[in-house]
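The numbering of the sequence shown is the working numbering, which starts it at 3 and goes up by one.
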Amino acid sequence: MRKFIIAGNWKMNFDVIESLTFVKELTSKLAAVDINNTDIVIAPTFTALYPVSDSLKNEGNKTISVGSQNIFWEKSGAYTGEISADMLISSGVEYTIIGHSERRQYFGETNETINNRIKASFENSLKPIFCIGETLEERESGNEKSVVSKQIKEGLLNFSAKDLENLVIAYEPVWAIGTGKTATPEQAEEMHSYIRSIISEMYGSEFAEALRIQYGGSLNLKNAQNLLSKPNIDGGLIGGASLKAIDFSEIIKIASSIKK
Ligand code: PGA
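Now the structure itself:
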């Protein structure tokens, strides 16, 4: 069975001190909880990556992993504002979010640059969380599946199943991100099952069955149970609700209590 993966995408929120305070709160809320079958990831801003992973290490915490919100594909050099896989690894990073819709929308990410970033992640043994999803306009014109299919095929172009053994896909309909407008569990399930079918065509059914597909877009305490209970939804990539330790820890507990 697939293990749930609940990831908090903090976006551009929390400075170093706030990040450390959050981590203390989260670990204390989860201390007495038996986390079953659920991986937990938090993705702070770059400046907080090392302090957060160091603090988790010092606490002896093995249940929470650290993720970055981006990665660049070159090793080093004149690339102002970018960050390499080695730099992330030396900051204690294990997962890396790639191709988030805000990166596509505001920072010119394309399926091609996303492909390069995914390559840099698996070549350096970082685990990519590859984000895909359609805009409202694309959904309303009935093109959501073709958009998602193109994002997958171009984002994963030329990679083998072996390259992608640590891949996680996050389906995040753009119209649901930060809007409070969640996809219904049925809408999300339909797309997740479609994504799994494309992956099955590309890499075979065994690979597709093992692949974890997260839902993202206004996932919160109220809708977590219904979304996460769907057969093809294997976790969440959570923005707003991941900024409150109480909500985030409760969502983790919900995931951990679901048996499929
Ligand atoms: P949201 O963000 O939960 O605030 O909608 C999700 C995301 O962008 O990953």
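We put the CB at the ideal spot given by N, CA and C, even for glycine.
- Per the C-alpha coordinates, the member of T115, A50, I8 and N11 positioned closest to L22 is A50.
- With a threshold of 8 Å, the Cβ atom of G219 counts as near the ligand PGA, since some heavy atom of the ligand is closer than that.
- For the ligand PGA, a non-hydrogen atom lies closer than 8 Å to the CB of A243.
- Going by C-alpha positions, T184 is about 7 Å away from L221.
- With a beta-carbon spacing of about 7 Å, T47 and W12 fall inside the 8 Å limit used to define contacts.
- In the DSSP annotation of this structure, the continuous segment of the beta strand (DSSP E) that includes P130 starts and ends at K129 to I134.
- The ligand PGA approaches T181 closely enough that one of its heavy atoms is under 8 Å from the residue's Cβ.
- The Cβ neighbour count for P175, taken over all protein chains shown within 10 Å, is at least 16; the residue is labelled buried.
- Scanning the region 174 to 259 for uninterrupted alpha helix (DSSP H) segments of 4 residues or longer gives 187 to 205, 207 to 212, 226 to 230 and 247 to 259, listed from N- to C-terminal end.
- For N117, the uninterrupted alpha helix (DSSP H) run begins and ends at N113 to E125, by DSSP.
- Taking the Cα positions, V25 is about 11 Å away from L245.
- In this structure I73 touches T98 by the C-beta definition: roughly 5 Å separates them, less than 8 Å.
- One Cα belongs to E146, the other to W177, and the distance between them is close to 11 Å.
- Among the bridge pairs identified by DSSP, S70 is matched with T98.
- If you compare the alpha carbons of R119, D17 and S92 with that of R105, the shortest gap goes to R119.
- By the Cβ-count criterion, Q71 is buried, with 16 or more other Cβ atoms from all chains shown falling within 10 Å of its own Cβ.
- Beta-bridge pairing by DSSP links V54 to no other residue.
- DSSP lists I7 as the beta-bridge partner residues of D41.
- Using a Cβ-Cβ distance cut-off of 8 Å, the region 189 to 201 and the region 119 to 130 are not in contact, since fewer than three pairs of beta carbons, one from each stretch, lie closer than that value.
- At least one heavy atom of the ligand PGA sits closer than 8 Å to the Cβ of E174.
- Per the coordinates, the alpha-carbon of A87 lies some 15 Å from the alpha-carbon of A80.
- Beyond the five residues adjoining it in sequence on each side, S151 comes within less than 7 Å, by CB distance, of I200 in the same chain, given in chain order.
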